[in-house]
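Order-wise, the sequence lines are chains A and B. Numbered per my numbering, the first sequence spans residues 1 to 326. Numbered per my numbering, the second sequence spans residues 327 to 652. Beneath this line is the structure, given in structure tokens, with notes to follow.
Number of protein chains: 2
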Amino acid sequence: MNNIIVAQSGGPTTAINASLVGVIKGALSSEGYDKVLGALYGISGVLNEEFIELEELSDKELDCIYTTPSSYLGSCRYKMPDIEEDSSIYEKIFEILHKYEVTAFFYIGGNDSMDTISKLAEYGSSIGSKIRFAGVPKTIDNDLVNTDHTPGFGSAAKFIVASMLEFAHDTSVYQTPTVTLIEIMGRNAGWLTASAALARNEYSEIPQLIYLPEVPFSTDTFINDIQKVMKTTNNVVVALSEGLQNERGEYLSATAATEDKFGHSQLSGVGKLLENLVKDKLGVKCRSVEINILQRCAAHMASATDLEESELLGEKAVEYAVEGNT
Amino acid sequence: MNNIIVAQSGGPTTAINASLVGVIKGALSSEGYDKVLGALYGISGVLNEEFIELEELSDKELDCIYTTPSSYLGSCRYKMPDIEEDSSIYEKIFEILHKYEVTAFFYIGGNDSMDTISKLAEYGSSIGSKIRFAGVPKTIDNDLVNTDHTPGFGSAAKFIVASMLEFAHDTSVYQTPTVTLIEIMGRNAGWLTASAALARNEYSEIPQLIYLPEVPFSTDTFINDIQKVMKTTNNVVVALSEGLQNERGEYLSATAATEDKFGHSQLSGVGKLLENLVKDKLGVKCRSVEINILQRCAAHMASATDLEESELLGEKAVEYAVEGNT
Numbered sequence: 001m002n003n004i005i006v007a008q009s010g011g012p013t014t015a016i017n018a019s020l021v022g023v024i025k026g027a028l029s030s031e032g033y034d035k036v037l038g039a040l041y042g043i044s045g046v047l048n049e050e051f052i053e054l055e056e057l058s059d060k061e062l063d064c065i066y067t068t069p070s071s072y073l074g075s076c077r078y079k080m081p082d083i084e085e086d087s088s089i090y091e092k093i094f095e096i097l098h099k100y101e102v103t104a105f106f107y108i109g110g111n112d113s114m115d116t117i118s119k120l121a122e123y124g125s126s127i128g129s130k131i132r133f134a135g136v137p138k139t140i141d142n143d144l145v146n147t148d149h150t151p152g153f154g155s156a157a158k159f160i161v162a163s164m165l166e167f168a169h170d171t172s173v174y175q176t177p178t179v180t181l182i183e184i185m186g187r188n189a190g191w192l193t194a195s196a197a198l199a200r201n202e203y204s205e206i207p208q209l210i211y212l213p214e215v216p217f218s219t220d221t222f223i224n225d226i227q228k229v230m231k232t233t234n235n236v237v238v239a240l241s242e243g244l245q246n247e248r249g250e251y252l253s254a255t256a257a258t259e260d261k262f263g264h265s266q267l268s269g270v271g272k273l274l275e276n277l278v279k280d281k282l283g284v285k286c287r288s289v290e291i292n293i294l295q296r297c298a299a300h301m302a303s304a305t306d307l308e309e310s311e312l313l314g315e316k317a318v319e320y321a322v323e324g325n326t
Numbered sequence: 327m328n329n330i331i332v333a334q335s336g337g338p339t340t341a342i343n344a345s346l347v348g349v350i351k352g353a354l355s356s357e358g359y360d361k362v363l364g365a366l367y368g369i370s371g372v373l374n375e376e377f378i379e380l381e382e383l384s385d386k387e388l389d390c391i392y393t394t395p396s397s398y399l400g401s402c403r404y405k406m407p408d409i410e411e412d413s414s415i416y417e418k419i420f421e422i423l424h425k426y427e428v429t430a431f432f433y434i435g436g437n438d439s440m441d442t443i444s445k446l447a448e449y450g451s452s453i454g455s456k457i458r459f460a461g462v463p464k465t466i467d468n469d470l471v472n473t474d475h476t477p478g479f480g481s482a483a484k485f486i487v488a489s490m491l492e493f494a495h496d497t498s499v500y501q502t503p504t505v506t507l508i509e510i511m512g513r514n515a516g517w518l519t520a521s522a523a524l525a526r527n528e529y530s531e532i533p534q535l536i537y538l539p540e541v542p543f544s545t546d547t548f549i550n551d552i553q554k555v556m557k558t559t560n561n562v563v564v565a566l567s568e569g570l571q572n573e574r575g576e577y578l579s580a581t582a583a584t585e586d587k588f589g590h591s592q593l594s595g596v597g598k599l600l601e602n603l604v605k606d607k608l609g610v611k612c613r614s615v616e617i618n619i620l621q622r623c624a625a626h627m628a629s630a631t632d633l634e635e636s637e638l639l640g641e642k643a644v645e646y647a648v649e650g651n652t
């Protein structure tokens, strides 16, 4: 037998299942493989030998999975130890791979998942294994090394821009001066937040202000910036990264801890923190909106290009493995 | 001259502009009217004599307005005094209506706006005026008296159900037990929150729990309910109304005030409050998601039926006025 394993890991996106479909279709059309085993919940599914057979899926089922958001196989947050530190887990995984007659392993995920697959490849090479390992990158944050843009980012950006265009109408209905803060994902990468700029057009400058995590954030500058914009409009909309950091490199959200009446510490986001700051310093109506998980799972707004590229990436990974690469 | 005034008021919705287009088209096709004056920012626009001429809009422009979310003419929150208390504002409005040769006034809005238009009609009748007044109802909350369902509700409900289906995928990726709280609009009416139930299907029971503002909320029952659901699944999703009230009829959100490090009072929503409660009482991962203004302005997800009905309502209001009703 000549079987493959495919698994998904890290935070879900709208396009990660398109890559899964790409791997399955690539494996089926290559004729080099027999079974396509899907490991449930990432690498944990391999360790627990929880597999489902994906080669049985019909074309109709694959089409459904292609447009379904989030990870069809489930996900995990599992950090592999360094090989020198603890090789027992690697031995166990390879034992399982041999047991299931696996000759190629595909891991769809973000930076951590790419780290996992590269460690497995490294270990394999150190023991002279012929099993092929390939990572299939994804993340809405667009921050994977060696990529121009990442699967999942396009769809998330599309949702953010569309929502921003709609916010621009919603926030402008009253005559009272209003500041609206839109909190966007990307803890250490400003790509998604920056994509909000695409909502600007000949009719609207919204969002007038954008703050990225790569630039140290100063509350004084922030308040001054808003005051400047308020001189020309009553309707200020600001795009904020969830990962804003102060000049000392500390996350603003970490400093936003509050205590409720029962003395419970309450962690709120950057948006809520700055909403209170604006109300306090400027005395104007201010609302913060956290786009939250909608931006990474709004499949109804998925970018067709993003899905196509994600599928292609899965197919290419299989081709690459068939050619004997790892 | 035989002119009409149309204005919009109250919170924005996805469908309120379809009603505006209905009024404009109704007025143009009735041939009973000359100018269609749009008052900017609701009744304030009448008082400030801020009008734009809407009969000049092209069909293409009307088509664009039809699908544009939020109020094209702007909105206001203006509570008219009782006529007996202060009739001067009524006198002023009627003076302006006469000045602009207005014979019919259409007000698109929610309960407060219907109150305004009914007071104007009442005052008009008391002075023997022949000006016709018609309210064109709208609200995402679906809580207007004498209506089966309201324009704007269908589109908001559609967005909530679609998002809930997507959340169901997103929240199920990890094996760790997770509680996700989705906070939905409708301060005193549970219709929108209840619409989340439509996301349940043969594959998913999400949201397993729904809490409406009409039912007194008990935190003990809430925690017990979650524990019960957690016996059969790791992935609990709860739909919560923003307007939940305790047994004493107090809004939970009002009791959620917290203080940040600078001693500023911070008002957070029901979702955040209960997120902390779940973490504290059950020690499980919990995330709250506030759908926020997206649900009332997501025009990309507007219900075609909702838009058609909203337009029809605008047209019918004009017909009704032409027939001499008020």
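Beta carbons: idealized from backbone N, C-alpha and C, even for Gly. Quantities reported herein were computed from a predicted structural model and do not represent experimental measurements.
Member of the options whose CA lies at the smallest distance from the CA of residue i
i	options	result
N437(B)	K464(B), G454(B), K425(B) and E417(B)	K464(B)
V347(B)	K605(B), T393(B) and E649(B)	T393(B)
F471(B)	P395(B), G337(B), D441(B) and Y529(B)	For the sequence presented, residue 471(B) should be read as Val rather than Phe. Comparing Cα positions, the closest option is D441(B).
T519(B)	E528(B), S370(B), V428(B) and N468(B)	N468(B)
F548(B)	N572(B), Y529(B), N560(B) and D496(B)	N572(B)
E55(A)	C76(A), G32(A), T326(A) and S70(A)	G32(A)
C286(A)	K316(A), C297(A), P207(A) and T178(A)	T178(A)
K228(A)	L209(A), E214(A) and A239(A)	L209(A)
L566(B)	S614(B), T559(B) and A525(B)	S614(B)
N-terminal and C-terminal residue of the beta strand (DSSP E) that residue i is part of
i	result
N561(B)	N561 to S567
I117(A)	Taken as a continuous stretch (DSSP letters only), I117(A) belongs to no beta strand (DSSP E), being part of the alpha helix (DSSP H) at N111 to S126.
T506(B)	T504 to I510
Residues bridged to residue i (per DSSP)
i	result
E53(A)	L37(A)
H13(A)	The question names His, but residue 13(A) is Thr in the sequence shown. DSSP lists no partner for T13(A).
L209(A)	V238(A)
Y107(A)	A7(A) and G135(A)
N201(A)	S204(A)
V102(A)	N3(A)
Y251(A)	Q245(A)
Chain A contact for residue i (CB, 8 Å cutoff)
i	result
T394(B)	yes
M406(B)	no
E492(B)	yes
D496(B)	yes
E509(B)	no
P338(B)	yes
Y577(B)	no
G640(B)	no
D586(B)	The predicted model places D586(B) with a pLDDT of 49, which falls under 50 and marks its position as unreliable, so this point remains unresolved.
V615(B)	yes
L373(B)	no
R574(B)	no
Y433(B)	no
M627(B)	yes
L470(B)	no
Y646(B)	no
8 Å Cβ cutoff met for residue i and residue j
i	j	result
H300(A)	A488(B)	yes
A18(A)	L307(A)	yes
I350(B)	I508(B)	no
T180(A)	V237(A)	yes
V36(A)	I4(A)	yes
Minimum Cβ-Cβ distance from residue i to chain B less than 8 Å
i	result
H98(A)	no
Q208(A)	no
S218(A)	no
H264(A)	Any reading at H264(A) must be qualified, since the residue scores a pLDDT of 49, below 50, and its modelled position is unreliable; the value itself is stated next. Closer than 8 Å: yes.
M114(A)	no
L282(A)	no
G74(A)	yes
V173(A)	yes
G271(A)	no
Unbroken alpha helix (DSSP H) run spanning residue i, endpoints
i	result
Q8(A)	Element bounds for Q8(A): not the alpha helix (DSSP H) but the beta strand (DSSP E), N3 to Q8.
L633(B)	A630 to V648
V462(B)	No alpha helix (DSSP H) contains V462(B), which is instead part of the beta strand (DSSP E) from R458 to P463.
K285(A)	Not the alpha helix (DSSP H): K285(A) falls in the beta strand (DSSP E), residues K285 to E290.
F493(B)	F479 to D496
C297(A)	L294 to C297
K231(A)	No alpha helix (DSSP H) holds K231(A); DSSP gives it neither H nor E.
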